[in-house]
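With this note's numbering as the guide, the letters of the sequence shown map in order to residues 225 to 654. Glycine included, each C-beta is placed from N, C-alpha and C at the ideal position. Report on the structure given below.
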Amino acid sequence: MSDKPAEPATSPEIVAGNGLLHRRLFLTQGAALVGTGGLALLAARPAGAETLTVPTWTKTIGAPMSGYGVPSKHEGKVQRIVRPGAPGAPGTGGSRTPLELVNGTITPAGLHFERHHNGIPDIDPAQHRLVIHGKVKRPLSFTVESLLRYPTVSRIQFLECSGNSALGWAREAPQQSVGSIHGLLSCSEWTGVPLSVLLDEAGVEPGAAWVLAEGADSAAMSRSVPLAKALDDAMVALWQNGERIRPEQGYPMRLFLPGFEGNMSVKWLRRLQVNDAPTMTRDETSKYSDLMPDGKSWLFTFTMGVKSLITSPSQGFRMQGPGLYEISGLAWSGAGKIRRVEVSADGGQTWGEAALTDPVLSKSLTRFRMAWRWNGGPAILKSRAIDETGALQPTRDELITQRGERSNYHYHGIQPWSIAATGEVTNVHA
Ligand code: CO
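So this is what it looks like as structure tokens:
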């Protein structure tokens, strides 16, 4: 198994085993695919004059404008994958972004994953308050209206639950879609007030090192945040993809901690208490802690590891015969920008470098693409990401060697998809 991309093979377009082609084909223009080395796109058919008939919708007047648009009625299957928690507790559990049914890097707000610990509170923004107190010179109370007067910043960043991809720890590879396994992952443009501005106004006292963030939901979800993070790139977010944050994302405001496990970006934020030590809340001790093989747990594991996924093709897809395909997927890291993504079509024996779609942003989703000429035989597709710190996404075996099999959190191993000669795509541990 080679750690370096394979040397160019027989054809100049081939960069790795089993048909992977040079990323130049995507970096220049898609049209370059046609006519290079005998490649031909599969999907289009020769157009005859008889195919260009005038359809009904061209001959009738279309629908009028609307106050708030919704997706096409033909896209009704594009839904979050809802996973209720315990019976009798419908507000507890999560829903996942259907990663195999979306493209680009921005998640529509209505498809952003959810994780609630006791349902979505129905908050009147006129009555909601955010209080900053504890080890500060001036305890402060903010209304939504008063927060809207502060200077704002906007950033495109991912949010990932630390329980995302937890099925990766299971011994059997689950036959579920990429969204079903890995969809506790979304990316939005978040707009809000830098938390450092608000803490500066309150005046943090010497010796303070942590901030307790508490939500207004009936679980009073709360986490301890290092003061250094709160003063770095933390935000009190009020807007998501241009609109006010939706109820299930924390309306009227949430904490947003770029690159940190999603649970810490506390929704429905009502209180920030500056402390000199972590509070040891339920959600940072019995939950969201990482059980090690020796029975001890790691606490306060915040940063999401470097990770990538091939979203197309992925489990449940069916290949449409041999020929040219675009392999497409997502890469991200809680530590910063993605430097490079490599793809293998031979189970990791050789790797080729994928094209990254601009912009490549820090702590954001990066879309990668790779051209692949499938010969119709068995193949195992993998992707692996390297971030700007040089961290390389581990294999599943490497992750288990390091962490054991008892954890529920922070799974970021390489995800293989097996392509059978029948065209069937399945999930494998390989
Ligand atoms: Co953690």
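Check, Outcome
"Distance check for S389 and G259, CA to CA, integer angstroms please.", "Per-residue confidence for G259 stands at a pLDDT of 47, beneath the threshold of 50, marking its modelled position as unreliable; no derived number is given."
"In the segment 571 to 627, which residue ranges form an unbroken alpha helix (DSSP H) of at least 4 residues, counting only runs that do not cross its ends?", "620 to 627"
"Measuring CB to CB, does H653 end up less than 8 Å from P476?", "no"
"Assuming A603 contacts A569 (C-beta within less than 8 Å), just tell me the rounded distance between them.", "5 Å"
"For S448 and A313, what's the separation of their Cα atoms in angstroms?", "26 Å"
"Would the C-beta of Y549 count as close to ligand 1, meaning under 7 Å from any of its heavy atoms?", "no"
"So the candidates are L423, E485, A559 and R597; which of them puts its Cα closest to the Cα of N632?", "E485"
"Which complete beta strand (DSSP E) runs does the segment 441 to 506 hold, if anything under 3 residues is left out?", "446 to 450, 459 to 464, 478 to 480 and 493 to 499"
"Decide if T282 is buried, meaning its Cβ has at least 16 other Cβ atoms within 10 Å, or exposed.", "exposed"
"For V368 versus L422, is the C-beta distance shorter than 8 Å?", "no"
"Apply the 10 Å Cβ neighbour rule to Y292 and answer buried if 16 or more other Cβ atoms are within range, or exposed otherwise.", "exposed"
"Does the Cβ-Cβ distance between A443 and V490 come in under 8 Å?", "no"
"Looking at the unbroken beta strand (DSSP E) that takes in H340, where does it start and where does it end?", "E338 to H340"
"Could you tell me if the beta carbon of H634 falls within a distance shorter than 7 Å of some heavy atom in ligand 2?", "You won't find ligand 2 in this model; what it holds is ligand 1."
"Please report how far the alpha carbon of K359 lies from the alpha carbon of S420, in whole angstroms.", "15 Å"
"Suppose the cutoff is 6 Å on Cβ atoms and the five residues either side in sequence are ignored; what does the same chain contact list for S680 look like?", "Here the chain has residues from 225 to 654 only, and residue 680 is not among them."
"Restricting to runs no shorter than 4 residues, where is the alpha helix (DSSP H) found entirely within the segment 348 to 401?", "368 to 371"
"Can you give the Cα-Cα distance for T574 and G540, rounded to whole angstroms?", "25 Å"
"Please find out if some non-hydrogen atom of ligand 1 comes closer than 7 Å to the beta-carbon of T505.", "no"
"When DSSP labels each residue in this structure, what does D424 get in the three-state scheme?", "helix"
"Among L623, R494, G474 and E508, which one has its Cα closest to the Cα of H336?", "G474"
"Ignoring anything shorter than 3 residues, give me the beta strand (DSSP E) runs that lie fully in the segment 291 to 337, in order along the chain.", "305 to 308 and 317 to 320"
"Between L263 and P546, what straight-line distance do the alpha-carbon atoms span, to the nearest angstrom?", "Confidence at L263 is low in this model, with a pLDDT of 49, below 50, so its placement is unreliable and no value can be given for it."
"Return the CA-CA distance between G190 and R373, expressed in angstroms with no decimal places.", "The chain is shown only over 225 to 654; residue 190 falls outside these bounds and no answer can be derived."
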